[in-house]
Amino acid sequence: MEGHPGSAGPNGGGPGRNETPDEQLDRNWASLLQELRVVQTGGQILTGLMLTVPFQEGFQELEARQQHIFVVSLVFAVLSTVTLISPVALHRLLFRRHAIDRLVDRAHLLTMVGIGLLGVALIGVLTVIFDIALGGWAAIAAGCVALVVFLVMWVGLPLRERRRLGPRTGTDRSAPEHGKGPRTD
Numbered sequence: 023m024e025g026h027p028g029s030a031g032p033n034g035g036g037p038g039r040n041e042t043p044d045e046q047l048d049r050n051w052a053s054l055l056q057e058l059r060v061v062q063t064g065g066q067i068l069t070g071l072m073l074t075v076p077f078q079e080g081f082q083e084l085e086a087r088q089q090h091i092f093v094v095s096l097v098f099a100v101l102s103t104v105t106l107i108s109p110v111a112l113h114r115l116l117f118r119r120h121a122i123d124r125l126v127d128r129a130h131l132l133t134m135v136g137i138g139l140l141g142v143a144l145i146g147v148l149t150v151i152f153d154i155a156l157g158g159w160a161a162i163a164a165g166c167v168a169l170v171v172f173l174v175m176w177v178g179l180p181l182r183e184r185r186r187l188g189p190r191t192g193t194d195r196s197a198p199e200h201g202k203g204p205r206t207d
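Numbering (our numbering) for the sequence shown: 23 to 207.
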């Protein structure tokens with residue numbers, strides 16, 4: 023039934039949409055780019071600020087443990103930034119190669135990995151800040167709480183909603199059950 027969540031449009035496009043598979047891939051790519059704009063901005067700001075911290079006077083006064091946690095967090099922030107920018111490089115290299123389905127699938131995977139790396143960086147930074155301000159046990163507690171919040175908000179709730187929607191139907195070329203990889207809409 024058209025318009026029902028999970029039903030495909032008459033041309034095999036998205037749920038309740040009258041779009042071709044190529045139109046759906048174009049829409050998925052545009053949607054993914056919008057999501058990347060949001061997460062890239064936050065990740066790049068975090069990474070940029072973190073890159074300046076070791077050059078501040080007070081950094082040498084941190085305990086070795088705090089410096090190590092910070093540097094590991096910085097590495098995750100940089101990896102996140104690189105991973106979240108990668109779909110743009112991928113698009114440039116695949117441009118005019120008629121590979122939008124591959125581009126959407128790979129960009130989806132890179133975005134998921136980049137968000138995970140960003141979460142680890144944020145947990146690390148929060149842990150260092152709590153360690154400086156309140157000590158080791160507060161830092162461990164803050165890091166654990168942040169991990170749980172990220173897992174609930176970034177994994178648990180989305181998976182719950184995905185299960186509520188039920189099994190995927192239609193002929194979405196980028197749907198996993200059609201052998202083309204993860205779904206992006």
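Virtual Cβ for every residue (Gly too), placed ideally from N, Cα, C.
Secondary structure of residue i, DSSP reduced to three states
{"i": "His120", "result": "coil"}
{"i": "Gly157", "result": "coil"}
{"i": "Glu85", "result": "coil"}
{"i": "Arg39", "result": "coil"}
{"i": "Arg128", "result": "helix"}
{"i": "Arg190", "result": "coil"}
{"i": "Gly146", "result": "helix"}
{"i": "Glu199", "result": "Note that Glu199 has pLDDT 40, beneath the 50 cutoff, so the model's placement of it is unreliable and the number below is only indicative. Helix, per DSSP."}
Other residues of its chain near residue i: CB distance less than 8 Å, five sequence neighbours each side excluded
{"i": "Glu57", "result": "Thr133"}
{"i": "Asp44", "result": "Ile122"}
{"i": "Phe172", "result": "Gly141, Leu144, Ile145"}
{"i": "Val135", "result": "Thr105"}
Assumed close pair residue i, residue j - CB separation to whole angstroms, cut-off 8 Å
{"i": "Leu187", "j": "Val126", "result": "Incorrect: roughly 19 Å between the Cβ atoms, too far for contact."}
{"i": "Leu106", "j": "Val61", "result": "6 Å"}
{"i": "Ala129", "j": "Leu54", "result": "5 Å"}
{"i": "Thr103", "j": "Gln66", "result": "6 Å"}
{"i": "Gln88", "j": "Ile154", "result": "6 Å"}
{"i": "Ala99", "j": "Met72", "result": "5 Å"}
Close Cβ partners of residue i (< 6 Å) along its chain, the five nearest in sequence each way excluded
{"i": "Ser95", "result": "Ala143, Gly146, Val147"}
{"i": "Phe92", "result": "Val150"}
N- and C-terminal bounds of the alpha helix (DSSP H) containing residue i
{"i": "Gln56", "result": "43–74"}
{"i": "Glu183", "result": "179–187"}
Same chain, Cβ closer than 7 Å to residue i, neighbours up to 5 away in sequence not counted
{"i": "Leu101", "result": "Leu139"}
{"i": "Met108", "result": "Residue identity differs from the one stated: residue 108 is Ser in this sequence, not Met. For Ser108, where only same-chain residues beyond five positions count, the Cβ hits under 7 Å are Leu132."}
**Prompt:** Between the stretch 111–119 and the stretch 135–150, do three or more beta carbon pairs fall short of 8 Å?
**Reply:** no
**Asked** Taking three-plus beta-carbon pairs below 8 Å as touching, is the stretch 156–169 in contact with the stretch 117–131?
**Response** no
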